[in-house]
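Heads up, the thing below is written out as structure tokens.
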Amino acid sequence: MKNLLFLIPFLLSQSLVLAQENKRTLLLNAGTNNSWERDFAYSPLFYSGSSAGFTLGYSNIGNRKTDEVYLHLTNHNLQNRYGADMRGTHASIITYTFYKANWLPDNWTIGWSNNNALSLRNYEDAQNFSPRFDFHTSFGPALRYQTFFGKKQQWRFSSQGHLQVIGFVFSASYITSPPDHFLHDQPTFNAFLQSIRLFQPFRQHDLGILNQLFYQLSNGNEIGIGYRFHYTSLESAHRSQRSAGHYFLQLNFQL
Amino acid sequence: MRSYRYFILISMVLISSCEFIAQPSDPQQRPSELFEHLWTDIYNRYTFFEEKQIDWQSVKEQYRPTIHDELTPHELFDILGDMLAELEDGHVNLRSTFNRSRNWSWFEGFPLFYDEQLINDKYLGTDYRIIGPLLAQTVQGMLYVNYRSFERTVSSEHMDEIIRLMQFHDGLIIDVRSNGGGSLQNALNIASRLTDEEITYARQRFKTGPGRNDFTPWAPLKIKPKPGDKYLEKVAVLTNRKSYSSTTFFAQMMRTLPQARLFGDQTGGGGGTPVFAELSNGWTYRFSGSQTIDLNEHHLEFGVQVDQLLTHPMDQISGLDHFIEAAIVWLKE
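Taken in order, these protein sequences are the chains called A and B.
261 is the number of the first residue of the first sequence in this note's numbering; add one for each residue after it.
85 is the number of the first residue of the second sequence in this note's numbering; add one for each residue after it.
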């Protein structure tokens, strides 16, 4: 019940922001996702591979403020150098808010970002305590460069990045899949609260880069290509690291 | 305009493939580093050093001098396997593509009192029922059920059939001798149909850090009755030294049920839940990452004692299985 009290105002504030009278766009992309991952609780080896990745997004562009939300989903089979398999699932919701600051050059905006990401890892040879998982919510500054070019300014290039070092992590325990506090004889909500670990400097961080090039069609929609890079390092009961490069084709629909 | 294009082009090229730039290299695979990694992980996460009075530091001093970088993979495997065998734990193994190390002292050297040929010839016969993984036959008015591996799933439908058959029998014998374990859920699936109330049968805790006392608090392990008909009359359970891991947990469950009685020899143990991990050369290993105690605070790692010990040579009956015969006598009482 307590977590609902936090969640509802948060969702309301998000929807109010998006409901302003601005240029609103629905974003859809799909493409190849190259990723690697390492969880020291199981192995010092990293697991890597390629798979399909999908993103659903929404942007709300105003005169001085831009809001973006991206929902990413990837399912992948990764392998270590000896061919052992790890089946992973990544899901994340990333938000960006950019502001046009007077002191910045015309093409630049600055703001903040929030990432809520879940990673599940099923190791082929681990018969117990699989999957291991991390969930983290993190916040940090974001910066964006955007320019239009072409005879009719129909081309648009944008590059944005974030670095998040504030947040919390909720992850598998030293031994088991559920966090330690879920193994105690106590209510689930108490266990959840006790399992949350705040980010500490240099021990947990999340960074990302998003490069996109679009061509505007006559109806105002856009088609484009892009590359999204992401790197996360989380130290909780054990350290886990992961990174992905998502090469995609994207369609933007004006709403 | 041209400068923009250059900027875009350079940005797209430079910032692509960052995932490969950020990718770390795998750690070294020299024997000394593999030894250190394995020894340290066991030191940090294994759970029975104190209970077994094992000085892992002295084990290191014993084995470390034998490690050098010219060792062949087979030689290194043997040394690491011997080091792990010092833990005397059936849930500890090192696995490569060419071998799997183990310590099976929990049953090797003990008589098992389990002759599968005799069971087949004298008790199961040829017309026994095959109810999923359960082999069932009527023996002197009792239902004899042989379950050979907890790796094979016992469903609620299988238990429905066992409970239905009990209408026509005077007692139930569950034979889990030489059952090396598998899924704990299968043990619960059986036990939960033999009680109509929630029962705590043991307590368990997990390692939470590298310190010797870094454990979660003890948490109860419970049998919770499942929907469906129950059998609440006498149940005899047969175990031996090769009844291990989930079978030990099953024996402990049955020991807490008031209408159940254990016959034969104590189980082999296996009270620590195995945790799996990998070395940087691709070999995998496992070790016990938890402790489980019964209601009298005895560790299940050392086995569950039976109510009626039948290991004395005088207990044996020529041409018959004396565990089954003793169970039948008790069920008829």
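All residues carry an ideal CB built from backbone N, CA and C; glycine is no exception.
query: Residues that ALA504 (chain A) contacts on chain B, provided the C-beta gap is smaller than 7 angstroms; result: GLU103
query: Environment of PHE182 (chain B) [buried if 16+ CB atoms lie within 10 Å]; result: exposed
query: TYR369 (chain B) (DSSP reduced to helix, strand or coil); result: strand
query: At least 3 beta-carbon pairs within less than 8 angstroms: the region 336-353 of chain A vs the region 407-414 of chain A; result: no
query: CB contact check: TRP296 (chain A) to chain B, cutoff 8 angstroms; result: yes
query: Unbroken beta strand (DSSP E) run spanning TYR475 (chain A), endpoints; result: 464-476
query: 8 angstroms contact criterion, which LYS314 (chain B) and ILE246 (chain B) should meet: CB distance rounded; result: The Cβ separation is near 11 angstroms, so there is no contact.
query: ILE456 (chain A): contacting residues in chain B (beta-carbon distance under 8 angstroms); result: Here the premise fails: no neighbours, minimum Cβ distance about 16 angstroms.
query: Beta-bridge partners of SER489 (chain A), as assigned by DSSP; result: Looking at the sequence provided, one finds Phe at residue 489 (chain A) rather than Ser. Bridge partners of PHE489 (chain A): A:ILE469, A:GLY505.
query: CA-to-CA distance, TRP123 (chain B) to LYS318 (chain B), given in whole angstroms; result: 48 angstroms
query: Beta-carbon contacts of LEU268 (chain B) that lie in its chain and below 8 angstroms, excluding the five residues immediately before and after; result: PHE234, SER330, PHE333
query: Integer Cβ distance of THR351 (chain B) from GLY387 (chain B), believed to fall under 8 angstroms; result: 5 angstroms
query: Beta-carbon proximity of ASP385 (chain A) to SER500 (chain A), cut-off 8 angstroms; result: no
query: Contact list for THR436 (chain A) against chain B, beta-carbon separation under 7 angstroms; result: PHE290
query: Proximity below 8 angstroms, CB of SER431 (chain A) to CB of LEU378 (chain A); result: no
query: Reduced DSSP category for HIS277 (chain B) - H, G, I as helix; E, B as strand; rest coil; result: First, the residue type needs correcting, since residue 277 (chain B) is Arg and not His in the sequence shown. Here ARG277 (chain B) sits in coil by DSSP.
query: DSSP three-state assignment for TYR315 (chain B), whether helix, strand or coil; result: coil
query: Nearest-angstrom Cα separation, counted from TYR356 (chain A) out to GLU362 (chain B); result: 38 angstroms
query: CA-to-CA distance, ASP405 (chain B) to ALA320 (chain B), given in whole angstroms; result: 14 angstroms
query: Contact set for PRO111 (chain B): own chain, Cβ-Cβ below 6 angstroms, skip 5 residues either direction; result: SER364
query: C-alpha distance - SER275 (chain A) paired with LEU286 (chain A), whole-angstrom precision; result: The pLDDT assigned to SER275 (chain A) is 47, lower than 50, so where the model puts this residue is not dependable; a value taken from the coordinates is nonetheless given after this. Cα to Cα, the separation comes out at about 15 angstroms.
query: CB of ALA271 (chain B) within 8 angstroms of CB of PHE347 (chain B), strictly; result: no
query: Close Cβ partners of ILE257 (chain B) (< 6 angstroms) along its chain, the five nearest in sequence each way excluded; result: MET226, TYR228, ALA320, ALA411
query: Backbone secondary structure at THR210 (chain B) - three-state DSSP; result: coil
query: Where ARG325 (chain B) sits in the DSSP three-state scheme; result: coil
query: Residue range of the beta strand (DSSP E) that includes TYR383 (chain A); result: 368-383
query: Cβ distance (whole Å) where LEU384 (chain B) is taken to contact GLY353 (chain B) below 8 angstroms; result: 7 angstroms
query: CB of ARG325 (chain B) within 8 angstroms of CB of LEU202 (chain B), strictly; result: no
query: Enclosing alpha helix (DSSP H) for TYR434 (chain A) [first to last residue]; result: First-last for TYR434 (chain A): undefined, no H or E at that position.
query: Own chain, CB closer than 7 angstroms to MET261 (chain A), minus 5 neighbours either side, in chain order; result: Legend: pLDDT at MET261 (chain A) = 47, less than 50; position of this residue unreliable, no value from coordinates given.
query: Residue environment, ILE105 (chain B), which counts as buried when at least 16 other CB atoms sit within 10 Å; result: exposed
query: DSSP three-state assignment for THR237 (chain B), whether helix, strand or coil; result: coil
query: Beta-carbon contacts of GLN454 (chain A) that lie in its chain and below 7 angstroms, excluding the five residues immediately before and after; result: HIS441
query: Three-state secondary structure (DSSP) of PRO438 (chain A); result: coil
query: Proximity test, Cβ basis, 8 angstroms: PRO461 (chain A) and chain B; result: no
query: DSSP state of VAL425 (chain A) mapped onto helix, strand, coil; result: coil
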